[in-house]
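Chains as they are written, first to last, in our numbering: chain X, 1 to 117; chain P, 1001 to 1939.
Idealized CB from N, CA, C, for every residue including glycine.
Working notes, structure below.
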């Protein structure tokens, strides 16, 4: 499912993908995590999470996200809270731009965030 | 660009702080242990404001130095340190270095503040050691909400921030209100804040969001620990976050609550801090006075000043225009002159027709044409002023322009305290250095002077104060021996007297030693032995300001600096002021400076030479001397190939303005009124009464009046002051006294020496402002040679200053006087003898008809209401016969010629004198004839 974003770069959300480790699910987002786009992503992500069984590890893959605003940060925290409820392990893999801001606001103290090489 | 403007504003503001700190520190030192809370708080606040202000711009050197000083000041305030001389020295050095930093604020990196910090360190170390204990207690186990919400906060970082003079704030950010609604992102906010401080920690309140659903619309709270030098009342503005979301961490660093009563306008205009309810209230109590003053750029004031000057000139031109007659317009307007020419041509052809065919019809036609011509001329013969209502409007424009100019002038005035305030420090440092005890008393600091004068006054005044402290006031033991108080007194006072400001520097020291001055002056060749013998005490004392008196040998690091008193005098004179010395040996010296209030508009004497107008500042004019035509050869002599004039027994060197400025000699052609080149030699070069060819030449002129005795050939000498010496400037005419607007001299004319500026006259023409000092310099006048000559001259020459003055009136209350020498004779006449041709009057005597003029038609004097049947006619010495009608001639008096030129002046009026207890207007006959000649074509 592809949607056009509000800014110049295309935003593409992908469904949960199975990795080599079947316990780990990666949810990948690309484009910018800003403004109203976050609201759309929010409901899509909820749908994705519904289909994932408990005791899985969720990696929120933001390696293709180049920009994040306060709504995007709220979305990350919302994902974290949702995973907690569902007893998923939660972590983020991100681009260096996104890592910088998440690290600056010390979300690294709340859940693991890895900067993509 | 805007940042640079803000930075320069801050520099200006900080300079004012620094100027205020200095006297306060000196007062603190004087008070010793009894530290006044108000005083120390004031100093603290000023240093604190400087630190805070420059924190915005991240200028580290200023912040570091100001912080060190603030640290010490806070210890003084808490009575942990006593204000000693060493401590004051250290703080004053800090102030000096801050001043240096302000002077080159864009290059502070290259300025070394190490020595100042080192001097401050011993005092600061005491502070730091004790406070670090306090700090470590406070920070190691931090209390309060900030620390509770930031378990990862690094105490070392906090301590470092606090020790470098930063404040630590906890700032709460709301994601919707403070970020989204302002179109910002957290990243952008972090970037902005990093410019004005350092983020020590950020925590995000993840509990604000409970689940994914609706998470992006939830408000997320960020808690940020932020260190910055911005003081509490500025942090809100700096971070663009409301006060109620900011919490100050360590209240000990925060100034006491009374420190929030920021007294300067700058801080009043800024938003008050709402960090703490107990600390915020005092700010608002003074906020009502915010708008009472405003900072305005000097360049803008200068522009306003210039525009006001232009307006004054336009007003003058307008007044002059309205004083003219419409007939002037008639002469210049091409349509009117065409019409006039057509009438003239019609009259000519009609006259020719009459000659050829003298019929009654042709005669009637001719007389009708004459009537038309006359009526046409009559239409334009009244002054524009008589147009109804114009006078009132003109007066109103006149008054408003004057008021406007006066008010704009006032905006440039500054109190002398701006200059005075540095002297307590100067005197203190000097006294310490010289081992003297000096008590400085200052008064009249509120007296105001123009900014430009204030700026230029600083150096000469510093020199005088240093001189008094160095050479005037004796060492304590010498003073005790002389029975004086061991503490010397140095007084600095300012007062206003009319349009002048008097500044006096006086001391109760040893006074000037006349013998030593003479010895020195003679050895330096400033004066001769002979002239020294005849000098008064005052003249001897004034010698210390003579050029060449000061020598390089005298330079000391205290008062010397290679600048002599002659330079001080020259500087004061350049400001249009004068300097005087009074010294009582053994009891002290007083030096008085007399300065004008402003340099922008100055009263001037307007003179003309070879048809060009010049202005001479009144302050440089000593007196006006008119040498009558037949006295020229006897009064103007040549000594050592230079012209001199004898005035009350003294010889004055003479300078001919036209020759000095190399103006082409001209004369006004008596018939055409045209100014033409003159190839004649000057008067004093011509035959004297004792020369052989005198009679011969007179014979050649047989039948004509001797031009040498013509009243218009009198020589006008303006006696000018150059330092303590006088010299005469020969000009053609003295025209008027006028308040002129000084315009700066263009760059290419600055090297000419003779001019100090330019101005625009009422008629729109440019007139150069002459500089008496520059003229003397350019003419290479040597006054000392003349002193020797003058001693040998016969000094009893006073009778030359007595004139025969004819007293008369014109049928009004005004009484007039005229140098009898300017008249050939006086006649009586009856009104029936007067013939009218057009609007001109003629008198017929001995088969000769000559024009009759009335003084009120040409000079600014009252017009008589009635004409009497019998009147007097004054016949002046003039190439063409002319009569001046007056009402009554009273007397001829032999009186001393003491002309006052300030009160009554104008074209054709030399000035006024009190004769027989009555104010008498002394007329300038050549100027009157010139006016009559120019305006009505009397010749």
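Item	Value
Proximity test, Cβ basis, 9 Å: residue 1145 of chain P and chain X	Because the pLDDT at residue 1145 of chain P is just 48, under 50, the model does not fix this residue reliably, and the value given afterwards should be weighed accordingly. Chain X, which has no Cβ nearer than 9 Å to the Cβ of residue 1145 of chain P, makes this no.
Best match in P:1423, P:1848, P:1825 for proximity to residue 1833 of chain P [C-alpha to C-alpha]	P:1848
For residue 1588 of chain P and residue 1506 of chain P, believed in contact at Cβ under 8 Å, the rounded distance	6 Å
Alpha-carbon to alpha-carbon, residue 1401 of chain P and residue 1311 of chain P	7 Å
For residue 1365 of chain P, the nearest candidate out of P:1905, P:1378, P:1343 (CA to CA)	P:1343
Where the stretch 1166 to 1193 of chain P meets chain X: residues whose CB sits under 7 Å from a CB there	1175, 1179, 1180, 1185, 1186, 1187, 1190
Proximity test, Cβ basis, 9 Å: residue 1009 of chain P and chain X	no
Limits of the unbroken alpha helix (DSSP H) element including residue 1416 of chain P	Note, residue 1416 of chain P: premise wrong, no alpha helix (DSSP H); not H, not E.
Within-9 Å CB hit, residue 1203 of chain P to chain X	yes
With 16 other Cβ atoms within 10 Å as the buried cut-off, status of residue 78 of chain X	buried
Selection of the stretch 59 to 79 of chain X by Cβ proximity to chain P, strictly under 7 Å	69, 70, 71, 73, 74, 75, 77, 78, 79
Chain P contact residues for residue 52 of chain X, given Cβ-Cβ distances below 9 Å	Result: empty, since nearest Cβ-Cβ is about 13 Å, beyond 9 Å.
Sub-9 Å separation of residue 1564 of chain P and residue 1585 of chain P beta-carbons	no
4-residue-minimum alpha helix (DSSP H) runs that sit fully inside the stretch 1486 to 1559 of chain P, ordered along the chain	1514 to 1523, 1529 to 1533, 1537 to 1542
Own chain, CB closer than 6 Å to residue 1033 of chain P, minus 5 neighbours either side, in chain order	1082
Cutoff 9 Å: residue 81 of chain X Cβ touching any chain C Cβ	Considering every chain present, this structure includes no chain C. Its protein chains are X and P.
Extent of the continuous alpha helix (DSSP H) run through residue 1185 of chain P	No alpha helix (DSSP H) holds residue 1185 of chain P; DSSP gives it neither H nor E.
Bounding residues of the beta strand (DSSP E) (the contiguous stretch that carries residue 1439 of chain P)	1437 to 1443
Inter-stretch contact (C-beta, 8 Å, three-pair minimum) for the stretch 102 to 109 of chain X and the stretch 1056 to 1070 of chain P	no
Residue 1389 of chain P, DSSP secondary structure in three states	coil
7 Å Cβ cut-off: residues of chain P touching residue 101 of chain X	1186, 1187
Residue 1576 of chain P versus residue 1624 of chain P - alpha carbon distance	19 Å
Euclidean distance between Cα positions of residue 1174 of chain P and residue 103 of chain X	19 Å
Close Cβ partners of residue 1425 of chain P (< 8 Å) along its chain, the five nearest in sequence each way excluded	1022, 1023, 1026, 1092
Element boundaries [beta strand (DSSP E), containing residue 1434 of chain P]	First-last for residue 1434 of chain P: 1423 to 1434, but that is the alpha helix (DSSP H), not the beta strand (DSSP E).
Bridge partner(s) assigned by DSSP for residue 1170 of chain P	P:1225, P:1247
Contacting residues, own chain, Cβ-Cβ under 7 Å from residue 1904 of chain P (five flanking each side not counted)	1911, 1912, 1921
Between the CA atoms of residue 1656 of chain P and residue 1481 of chain P - distance to the nearest angstrom	57 Å
Local Cβ density within 10 Å of residue 1297 of chain P, reported as buried at 16 or more and exposed below that	exposed
Per-residue DSSP class, three states only, for residue 1051 of chain P	helix
Distance, residue 50 of chain X Cα to residue 1225 of chain P Cα	39 Å
Contact set between residue 56 of chain X and chain P, taken where Cβ atoms lie within less than 8 Å	Those do not exist, as residue 56 of chain X stays about 16 Å from chain P at its closest Cβ, beyond 8 Å.
Proximity below 9 Å, CB of residue 31 of chain X to CB of residue 71 of chain X	no
Status (buried if at least 16 other CB within 10 Å, exposed otherwise) for residue 1479 of chain P	buried
Other residues of its chain near residue 1802 of chain P: CB distance less than 8 Å, five sequence neighbours each side excluded	1894, 1895, 1896, 1897
Contacts of residue 87 of chain X in chain P (Cβ-Cβ under 9 Å)	By Cβ distance, chain P contributes nothing, its closest Cβ being about 14 Å from residue 87 of chain X, past 9 Å.
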